[in-house]
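Per the numbering used here: the sequence shown = residues -10 to 340.
Cβ atoms here follow ideal geometry from the backbone N, Cα and C, with glycine treated the same way.
So the structure is just underneath, and the comments pick up after that.
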Amino acid sequence: MTGTTQKAVVLHEIGAPLRLESGRPILNPGPRQVLVRVTVAGLNPHDQKSRDVGLFAHLLSLPAVLSNDVVGVVTEVGESVSGRVFEIGDRIVGQANWVKGSPHGGLQEFALLDIEHACRVPNNISDDEAATLPTNFLAPLIALFVPEKLGFRPPWQVGGSGGYDQATLLVIGGGSACGKFTTQLARLAGIGRIVVVGGDESELKAYGATEVLSRFGEPEAVQDRIRASVGNDLRYVIDTVNVPEDQHVGINALSLTEGGKLVRLRRTGQVRAALVREGAKYELVDIFGSSFEYPEVCKPFWERLPGYLRDGEIRPTTFSTIDGLDPDKINKVLDGYRDGVKVVKPNVHVS
Ligand SMILES: NC(=O)c1ccc[n+]([C@@H]2O[C@H](COP(=O)([O-])OP(=O)(O)OC[C@H]3O[C@@H](n4cnc5c(N)ncnc54)[C@H](OP(=O)(O)O)[C@@H]3O)[C@@H](O)[C@H]2O)c1
């Protein structure tokens, strides 16, 4: 039996540390929602930016509960979903609601998940592994398959993967969680050539990279390395790590004759026009990795995700752990993102 109040780690004020609070209400699931006892709440770089500079302030209403990557056990199902999609006791993973004013984030004992933006966790995947998934696969999923982004045909649609064996995709940031999922999803799409900059070569090749280039050296050296690999044919780049000031490296890799798209996960700042090749034809495409914004691509993927995980087609990334709803430890990990320290996808063990 679930009580009526709970503990949560809460953002009260932008720029101030998160605080532990008890006595917060446990909400009842509405239609198409379930209540979960949260086992793992995954943190991401954007949680630090939400805490410190109010990123997504238009969606958060304070006091807010952060963490969009939620894994838990279903304790209640909304009226209209009973017995249909999830049942009490199911172990599920979902993206917490990005809808304005949502109180649903993972840093609390009980959270609501929307059934269409969640799935069961198969037995071969742990809760920690499942928590590495939502934010970091949704951004590349949207980048690759939403028509106005790169618009590749999703592998589950009629015709499936295929027809892209001549296409080349450049992924910048192979060491990042998003870069790893981008590589796996590009392979699922059937993209013939996946050139990745940065990250561990054997890991990325196991995900589907056809070539892995070092990310180290001066930007010009990285640029030369990429151009030596992709020639003048490249139409598609996904940059998972760079701020706009450094995105010229990907832009300059695009075909000078054909032009192309640079899809980016980071958009705050300005591309340095002086560093872009003369005559470059490029379009910058921004991503917001919200399942709720792009349901036509994300919902069918959630339905198939348990199968992909069971078959090893999608593999979770590495993680680190924090025991309990401990605000000091959570703030410290978020400080690591702020300070540019290497942070391995942190999972808060809520219960
Ligand atoms: N727009 C969206 O919806 C969305 C969604 C998710 C994430 N993001 C953003 O995307 C970024 C990546 O997130 P994440 O969680 O995937 O990051 P992460 O896992 O923390 O990745 C950081 C790693 O990226 C690699 N890296 C750093 N600088 C690089 C560079 N210049 N070139 C190549 N590789 C580099 C490094 O790995 P190695 O040292 O091993 O190379 C670094 O440890 C963050 O800024 C995040 O806020 C945006």
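I'd like the span of the beta strand (DSSP E) that includes D312, first residue to last.
S309 to D312
Pick from Y271, A263, D228 and D328: whose alpha carbon is nearest that of A166?
D228
Touching by the beta-carbon criterion (3+ pairs, under 8 angstroms), the stretch 43 to 55 and the stretch 87 to 94:
yes
Give the C-beta separation of L193 and L130 to the nearest angstrom, bearing in mind that I take them to be a contact with Cβ-Cβ under 8 angstroms.
Wrong, their Cβ atoms sit about 18 angstroms apart, outside the cutoff.
At the level of alpha carbons, what is the spacing between G172 and R304?
According to the sequence as given, residue 172 is Thr; it is not Gly. C-alpha separation (whole angstroms): 11 angstroms.
Compare the Cα-Cα distances from G278 to each of A(-3), A178, N86 and T(-6) and report the closest residue.
A check of alpha carbon separations from G278 across A(-3), A178, N86 and T(-6) identifies N86 as the nearest.
Ends of the beta strand (DSSP E) at P335?
P335 to H338
Three-state secondary structure assigned by DSSP to F290
helix
Report the residue from V160, V54, E247 and A5 whose alpha carbon sits nearest the alpha carbon of I15.
V54
Taking only the alpha-carbon atoms, compute the straight-line gap between E285 and Y326 and give it to the nearest angstrom.
32 angstroms
Assumed close pair N231, T124 - CB separation to whole angstroms, cut-off 8 angstroms:
Cβ atoms of N231 and T124 stay farther apart than 8 angstroms, at about 18 angstroms.
What number of angstroms, rounded off, separates the C-alpha of A128 from the C-alpha of G164?
16 angstroms
Note down, one range per segment and in chain order, each beta strand (DSSP E) of at least 3 residues found wholly within the stretch 45 to 113.
58 to 66, 80 to 84, 99 to 103 and 107 to 109
Consult DSSP for R13 and reduce its assignment to one of helix, strand or coil.
Residue state, collapsed to three classes: strand.
Thinking just about the alpha-carbon of each residue, which of R266, P34, L298 and D189 is nearest to the one in N336?
P34
Can you tell me whether E98 is buried or exposed, with buried defined as 16 or more other CB within 10 angstroms of its CB?
buried
Out of V265, V59, L133 and G94, point me to the one whose CA is closest to L243's CA.
V265
Quick one: what's got a C-beta closer than 6 angstroms to G19's C-beta in the same chain, skipping five residues either side?
G67
If the criterion is Cβ atoms closer than 8 angstroms, does the pair V25 and V(-1) meet it?
no
Does the Cβ of I161 lie closer than 7 angstroms to at least one heavy atom of ligand 1?
yes
Jot down the residue ranges of each uninterrupted beta strand (DSSP E) in the stretch 165 to 224, minimum 3 residues, whole runs only, in chain order.
182 to 186 and 200 to 202
Where Q22 and N241 are concerned, what is the direct C-alpha to C-alpha distance, given to the nearest angstrom?
45 angstroms
Rounded straight-line distance, which links the Cα of G12 to that of T(-7):
8 angstroms
Look at the alpha carbon of W145 and the alpha carbon of C287, and state the distance between them as a whole number of angstroms.
12 angstroms
With distance defined between alpha-carbon atoms, name the residue in V160, P316, R182 and V63 nearest to G152.
R182
Could you tell me whether the Cβ atoms of G168 and V185 are closer together than 8 angstroms?
In this structure, V185 lies closer than 8 angstroms to G168 by Cβ.
Among E247, L273, G268 and V330, nearest to G258 - alpha-carbon criterion
L273
Beta-carbon separation of P289 and P111 under 8 angstroms?
P289 places its beta carbon 8 angstroms or farther from that of P111.
Once the 5 residues before and after E10 are set aside, which same chain residues still bring their CB inside 8 angstroms of it?
So the list reads K(-4), A(-3), V(-2), V(-1) and P52, once near-sequence residues are dropped.
Can you tell me whether A128 is helix, strand or coil according to DSSP?
helix
From this set, G197, L314, V330 and T306, which residue's C-alpha is nearest S115's C-alpha?
T306
If you drop the 5 nearest sequence neighbours on each side, which residues of the same chain put their C-beta closer than 7 angstroms to that of N320?
P6 and L7
Excluding the 5 residues preceding and the 5 following L245 in the sequence, name in chain order all residues of the same chain whose CB lies nearer than 8 angstroms to its CB.
N221, R266, G268, A269 and K270
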